[in-house]
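Chains as they are written, first to last, in the working numbering: chain A, 371 to 576; chain B, 171 to 546.
Laid out in structure tokens, this is it:
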């Protein structure tokens with residue numbers, strides 16, 4: 371049996387549709403359904419519904435053989451897994467965003483508010499720019515508005531929230547989309563099933 | 171006193187069997203100091219892949235580190251002008267920071283090193299020992315094999331700076347052709363190179379076929395030479411009982427500054443991470459001024475295997491002897507010793523233990539002598 375870690379939420383719905391479309395039925399949980407484990411009718415595949423940021427951990431530690439996770443989480447947490455396929459869903463960009471009319475003071479340490487300290491740190495390190503990371507868990511857009519930070523590093527999908535808060539993306543750091551990942555050991559012992567799923571999703575994408 | 175094999179845990183048996191395998195193969199046990207000068211590890215921190223060590227200052231004011239690695243110390247102590255091959259193995263504890271939780275751990279590591287002139291026979295000798303080591307741990311295992319020559323040859327052929335090459339290497343390790351294509355496009359790398367990288371990521375499965383595929387995509391002598399060496403190794407395994415268990419995979423590729431030649435990695439079904447990692451590291455010897463020598467070895471990491479090898483037996487004994495304040499100490503200890511001498515696990519307690527499983531109870535409470543009632 372193949373164990374699959376799927377992210378809960380919007381991306382999770384799309385991923386379940388993909389798995390169902392390639393013949394690995396994944397029942398849609400009803401709003402009242404509190405189950406976290408869903409098994410398909412022929413018992414060949416079992417889905418775990420987990421928080422998107424935890425998918426990498428489930429797969430790295432072998433609790434799940436494969437999983438679907440955003441590139442942002444992969445780069446931020448660096449789980450030791452194979453990244454087999456870009457599913458081309460949940461597309462967005464990791465960007466540096468600034469307040470409208472902002473100009474950078476190159477003579478000061480740049481204050482960067484973000485949910486992604488690793489990604490932001492690596493980006494500014496590549497520019498050799500000294501920064502101070504302000505780690506936040508949500509409503510990142512508030513930080514430059516209140517003078518808490520100079521810029522933010524965050525995911526931008528449509529840019530609506532930014533516009534409504536008088537911010538705009540200044541630099542694209544990384545394109546983001548959902549990726550199919552596999553545990554390194556499971557890839558050896560369940561290679562046929564994992565390769566079959568990868569090939570079928572690839573085919574579906576065409 | 172004879173040792174009863176039943177008292178050995180699965181991990182103990184694995185450890186003893188590994189030692190027997192290495193001794194029978196002519197490898198000599200190597201014992202090393204618990205610590206070395208910090209500077210020595212610092213000079214070679216890329217080899218260790220992590221720059222965090224547990225350090226302390228010794229009596230003379232030198233900064234020392236608890237050993238995070240064994241291979242480095244072995245290489246340091248090998249003489250450059252030795253004529254005979256050196257076959258060494260070790261069973262040591264090392265101290266490293268675990269990436270998963272950022273904490274330092276004491277990790278039990280067993281491994282071996284072959285130092286001398288390495289040809290195909292010696293390469294296969296080390297690979298076979300790796301395979302047999304995995305087989306001792308569990309029958310369901312896979313050994314992945316790759317060659318650093320393919321990677322360094324590929325990197326040589328790419329006209330890009332170091333950071334771009336690092337990104338490509340990372341894509342190969344993660345089996346991520348989509349990201350490799352993006353890196354190539356962003357950095358103007360030609361289509362032929364892109365296809366070559368894709369080919370390396372896709373190369374896998376049985377060693378023979380994969381080595382042939384690598385030969386076809388090779389673009390310089392280094393890649394070609396590496397593919398040919400892989401083909402020779404494949405030829406050996408084609409005729410061995412392990413042919414289904416040896417596959418090509420570039421998941422083990424590492425720093426070309428230290429490693430060259432064949433690299434390999436062992437997986438056990440049910441263990442989430444690799445259990446064994448090894449390869450050829452002539453470049454490390456060169457870096458340490460030992461140009462005349464070549465080396466190949468591997469290490470088994472028991473940190474990953476610990477849970478797998480643990481048995482669910484819990485705490486159990488054969489017999490509990492119950493006593494109270496009226497029981498004669500001599501009678502109680504005689505009853506305990508008699509049974510221990512006949513090979514049973516026995517404990518004496520005033521009340522039945524709650525967290526220990528037991529088969530038999532002997533009640534010597536109230537000064538009852540031997541022959542008291544026994545409860546199954």
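Ideal Cβ positions, reconstructed from N, Cα and C, are used throughout, including at glycine.
Check, Outcome
"Assigned secondary structure, residue 293 (chain B) (DSSP; H/G/I helix, E/B strand, else coil)", "helix"
"Residue-chain proximity (residue 195 (chain B), chain A), Cβ-Cβ < 7 angstroms", "no"
"Own chain partners of residue 255 (chain B) with C-beta closer than 8 angstroms, once the 5 adjacent residues on each side are dropped", "284, 285, 286, 287 and 292"
"Assigned secondary structure, residue 499 (chain A) (DSSP; H/G/I helix, E/B strand, else coil)", "coil"
"Local conformation of residue 317 (chain B) per DSSP, three classes", "strand"
"Residue 377 (chain A) - partner residues in DSSP beta bridges", "A:420"
"Distance between residue 374 (chain B) and residue 382 (chain B) (C-alpha atoms, nearest Å)", "11 angstroms"
"Cβ shell of residue 521 (chain A) (< 6 angstroms), same chain only, five flanking positions each side left out", "466, 468 and 482"
"Boundaries (first-last residue) of the alpha helix (DSSP H) holding residue 404 (chain B)", "391-408"
"Buried/exposed call for residue 320 (chain B), threshold 16 Cβ in 10 Å", "buried"
"Cβ separation of residue 550 (chain A) and residue 455 (chain A), assumed to be a contact under 8 angstroms, to the nearest whole Å", "4 angstroms"
"Closer than 7 angstroms to chain A by CB, residue 292 (chain B)", "no"
"Secondary structure of residue 451 (chain B), DSSP reduced to three states", "coil"
"Reduced DSSP secondary structure (H/G/I, E/B, other) of residue 204 (chain B)", "coil"
"Integer-rounded CB distance, given that residue 487 (chain B) should sit under 8 angstroms from residue 517 (chain B)", "5 angstroms"
"Below-7 angstroms beta-carbon distance, residue 494 (chain A) vs any chain B residue", "no"
"Assumed close pair residue 547 (chain A), residue 459 (chain A) - CB separation to whole angstroms, cut-off 8 angstroms", "6 angstroms"
"Residue 555 (chain A): contacting residues in chain B (beta-carbon distance under 9 angstroms)", "312, 437, 438, 439, 440, 441, 442, 443, 444 and 445"
"Chain B contact for residue 544 (chain A) (CB, 7 angstroms cutoff)", "no"
"Pick from B:257, B:272, B:276 and B:271 that is closest to residue 265 (chain B), judged by C-alpha positions", "B:276"
"Chain B contact for residue 424 (chain A) (CB, 7 angstroms cutoff)", "no"
"Residue from A:383, A:480, A:509 and A:514 whose Cα sits closest to the Cα of residue 503 (chain A)", "A:480"
"For residue 478 (chain B), the nearest candidate out of B:441, B:501 and B:504 (CA to CA)", "B:441"
"Terminal residues of the beta strand (DSSP E) in which residue 399 (chain A) lies", "Taken as a continuous stretch (DSSP letters only), residue 399 (chain A) belongs to no beta strand (DSSP E), as it is neither H nor E."
"Minimum C-alpha distance to residue 476 (chain A) - residue among A:385, A:499 and A:406", "A:499"
"Touch test, the segment 332-339 of chain B against the segment 440-455 of chain B, Cβ-Cβ under 8 angstroms, three pairs minimum", "no"
"Cross-strand partners of residue 538 (chain A) (DSSP beta bridge)", "A:468"
"Spatially closest choice to residue 395 (chain A) from A:416, A:508, A:381 and A:378, by CA coordinates", "A:416"
"Rounded distance between the beta-carbons of residue 457 (chain A) and residue 392 (chain A), thought under 8 angstroms", "Not quite, the Cβ-Cβ distance comes to about 12 angstroms (not below 8 angstroms), so this is no contact."
"Residues in the segment 331-350 of chain B having any Cβ partner in chain A nearer than 9 angstroms", "333, 341, 343, 344, 345, 346, 347, 348 and 349"
"Alpha carbon of residue 546 (chain B) to alpha carbon of residue 189 (chain B), nearest angstrom", "Any reading at residue 546 (chain B) is ruled out, since the residue's pLDDT is 41, under 50, leaving its predicted position unreliable."
"Inter-residue Cα distance where the pair is residue 228 (chain B) and residue 446 (chain B)", "33 angstroms"
"Pair within 7 angstroms by beta-carbon distance, residue 450 (chain A) and residue 372 (chain A)", "no"
"CB contact below 7 angstroms: residue 499 (chain A) versus chain B", "no"
"Reference residue 298 (chain B); option with closest CA among B:467, B:509, B:489 and B:273", "B:467"
"CB contact check: residue 558 (chain A) to chain B, cutoff 7 angstroms", "yes"
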